[in-house]
Amino acid sequence: MQAELIALPKIVDPRGNLTVAEQTKNIPFQIARVYWTYDVPSGERRGGHAHRTCEEMIIAVSGSFDVEVFDGHERKTYHLNHPYQGLYVGTNVWRTLEDFSSGAVCLVLASELFDEEEYIYDYEEFLHIVNP
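Here the working numbering is used: the first residue of the sequence shown is 24, the next is one more, and so on.
Here's what the structure looks like:
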């Protein structure tokens, strides 16, 4: 499966901790886009798609949420709740984000600029792609 937790450096300081994300060092791709979701209402889901060419690193910079990933063969759920840990999600992996805590902020580092054609929104199409 092209999904794995990646530890990011946590620099502990009495004035406040610091975490660093560096492309091709602890982020396994060049970063082309950064976006974040927040104020997700209770019970709502985000995601519900896969990417043809875009790789992503999903980070809970505040609060927590679950990310369910499915590559057509294996399904796994990750609970993200540490700002010094990211979930790498590769191409052709269906992802759904849910169970957002109050005040949760989901930061995503992406390898591609936004391109609507690059997304796979139809689940049946996704299954056909990963299981031809």
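C-beta: ideal position from N, C-alpha, C; glycine also. Please read these numbers as outputs of a predicted model, since none were measured by experiment.
Check, Outcome
"Cβ neighbour criterion (16 or more within 10 Å) applied to Trp59", "exposed"
"Every unbroken beta strand (DSSP E) inside the stretch 31 to 79 [3 residues or more]", "56 to 61 and 69 to 74"
"CB of Gly95 within 8 Å of CB of Asn154, strictly", "yes"
"C-beta contact flag for Ile54 and Val131 at 8 Å", "no"
"Cβ-Cβ distance between Thr100 and Glu141 below 8 Å", "no"
"C-beta atoms of Gly71 and Thr119 nearer than 8 Å", "yes"
"His151 in three-state terms, based on DSSP", "helix"
"DSSP state of Glu139 mapped onto helix, strand, coil", "helix"
"Cβ-Cβ separation, Phe88 to Ser124 (assumed contact under 8 Å), whole Å", "7 Å"
"Cut-off 8 Å between Cβ atoms - residues of its own chain near Thr114, not counting five sequence neighbours on either side", "Gln25, Ala73, His74, Arg75, Thr76, Cys77 and Glu78"
"Distance between Phe52 and Pro201 (C-alpha atoms, nearest Å)", "Nothing can be reported for residue 201, as the shown portion of the chain is limited to 24 through 155."
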